[in-house]
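Residue numbers (this note's numbering): 1 to 480.
Using N, Cα and C, we set each Cβ at its ideal position, and we do this for glycine too.
Data block below; observations after.
Here you go:
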């Protein structure tokens, strides 16, 4: 078969439309697929190229002008002999000084799919908009009565003297506070999910912010008998530019999480500068606790929305499973990542990095921090290891081994705080200390565990007459 015949055979049997035309617009060749799809048959040679693709060609002074860019895939409309049309994807090539070739294929299915996809996306966006507006309206409507109840409870507290009624009013006030926190979480989650969440960076004093975070948690952590410390690298400038409110929200979520799951030991927060790129600075935060820890198999569930590690967590400690998911998304909005290291019974270390801006007045012309000097970028893995070692040392096995002196000393402290809470009629904190004592008695003889169970049940029932003898019985067994 000669080369010309081979070329003719190839063109005729292509599954794409192939049309050759001259500068004048006259069609000189059309393959079988062109004849079939355009329904012209032999009449196609009586046509010009703009009869088939009227939107892509125009004639001026007897010369055909191509509107489309050569050798680039274009979307065009091809017209049949009966003037109906269909969409095609095509390329136009210049063969020589006077001849051009157009290759095209029927894109009807593609266009239909694109339209369906576009329609589905639009419907999804509309549904998300409706959902966001619904959540915003519902949370607003919920917040109004909750704030009303909370205000009324505070006003009644200032007038009430009966201890039993004061306790009930405090429970109402605490319930309102928890409800507001839940409402805020749902609203934030809805905004983040809809992509409507916007950071609001501004200049603020970093250490003042960290003092606020510490004061926000200090009392309740210390009342639980835990250590609480925050350390800040001196390399971090006084003022930074970032979304202060959301940084506080991230830290509050992580510290509250640590408080919830820690009964013995402490909570540590560390902040260091790890990198600087011109006027941008990376801050690295580490929040570690000596709590119950998390099994490695469950760590992947932590940042999923509406998810707890297991069902017993929400029953025992409460929570919707939204806090860590929101925290993760906020960190990512600030250009960082969040990570977790944990081991059951050994505590948990959360770490995250964010990028903030350094105010211009704190920078030299070369972009170096004034007053604080130069600093090598810190290796975050070294920081994590250092703090992990710190956490492990604070959860030394000795404190958990019943009978050793450290364990007995800790038991004595927690039992004293438990009975003091009972005497002050603070049953919520008394129950918290009873759980701590129960954990410290892991490995104790059966009769001691049984005595502890009686004490814990009496505390849960807020039965003073049973708590005191149960406490004395447990103390007697421990001192025997």
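Contact fails between the segment 38-53 and the segment 122-129, because fewer than three Cβ pairs, one in each stretch, are under 8 Å apart. When rounded, the separation of the alpha-carbon atoms in residue 162 and residue 170 is 12 Å.
Counting along the chain, residue 436 sits inside the alpha helix (DSSP H) bounded by residues 427-440. Restricted to the segment 196-234, the beta strand (DSSP E) segments that are unbroken, complete and at least 3 residues in length are 202-205 and 227-232, listed in chain order. Residue 450 carries a helical assignment under DSSP once its states are collapsed to helix, strand and coil.
Boundaries of the beta strand (DSSP E) around residue 19: 17-22. Burial of residue 417 is indicated by the presence of at least 16 other C-beta atoms within 10 angstroms of its C-beta. The distance from the Cβ of residue 337 to that of residue 350 is about 12 Å, inconsistent with a contact at the 8 Å cut-off. In this structure, residue 358 sits away from residue 257, with a CB-CB distance that is not shorter than 8 Å. When C-alpha distances from residue 109 are compared across 89, 79, 468 and 97, the shortest belongs to 89. Boundaries of the beta strand (DSSP E) harbouring residue 270: 266-277, taken from the DSSP string. For the pair residue 228 and residue 286, the CB atoms are not nearer than the 8 Å cut-off.
Around the beta carbon of residue 341, 16 or more other beta carbons lie within 10 angstroms, which makes this residue buried. Scanning its chain for C-beta atoms nearer than 7 Å, with the 5 sequence neighbours on each side dropped, one finds around residue 449 the residues 441, in chain order.
Nearest to residue 201 by C-alpha distance, out of 208, 35, 29 and 243, is 243.
Counting the other Cβ atoms within 10 Å of the Cβ of residue 246 gives 16 or more, which makes it buried. In the structure shown, the three-state DSSP call for residue 237 is coil.
The beta carbon of residue 233 sits closer than 6 Å to the beta carbons of 272 and 273 from its chain, once the five residues preceding and following it are set aside; these are given in chain order.
Residue 33 is positioned such that its CB atom lies closer than 8 Å to that of residue 15. Assignment of residue 171 by DSSP, reduced to helix, strand and coil, places it in the helix class. Per DSSP, residue 282 lies in no alpha helix (DSSP H); the unbroken beta strand (DSSP E) holding it starts and ends at 280-289.
Across the set 251, 63 and 82, the C-alpha of 82 shows the shortest separation from the C-alpha of residue 52. For residue 197, the closest alpha carbon among the candidates 148, 269, 330 and 123 is that of 330. Ranked by Cα distance from residue 225, the options 216, 430 and 74 are led by 430. Counted as a single uninterrupted DSSP element, the alpha helix (DSSP H) harbouring residue 471 occupies residues 464-479. According to the DSSP assignment, residue 249 belongs to no beta strand (DSSP E) but to the alpha helix (DSSP H) extending over 244-260.
In the structure shown, residue 294 falls within a coil segment according to DSSP collapsed to helix, strand and coil. Straight-line measurement puts the Cα of residue 269 at about 9 Å from the Cα of residue 251. Beta-bridge annotation (DSSP): residue 148 is not paired with any residue. DSSP places residue 328 in the helix class (H, G or I) of the three-state scheme. Beta-carbon to beta-carbon, residue 59 and residue 92 are separated by about 16 Å, too far to satisfy the 8 Å threshold.
Relative to the Cα of residue 177, the nearest Cα in the group 207, 208, 361 and 149 belongs to 149. Taking the Cα of residue 38 as reference, the smallest distance to any Cα among 28, 23, 26 and 19 is reached at 19. For residue 87, the secondary structure class from DSSP, reduced to helix, strand or coil, is strand. Of the other Cβ atoms in all chains shown, 16 or more fall within 10 Å of the Cβ of residue 253; this residue is therefore buried.
Secondary-structure assignment with DSSP links residue 74 through a beta bridge to 90.
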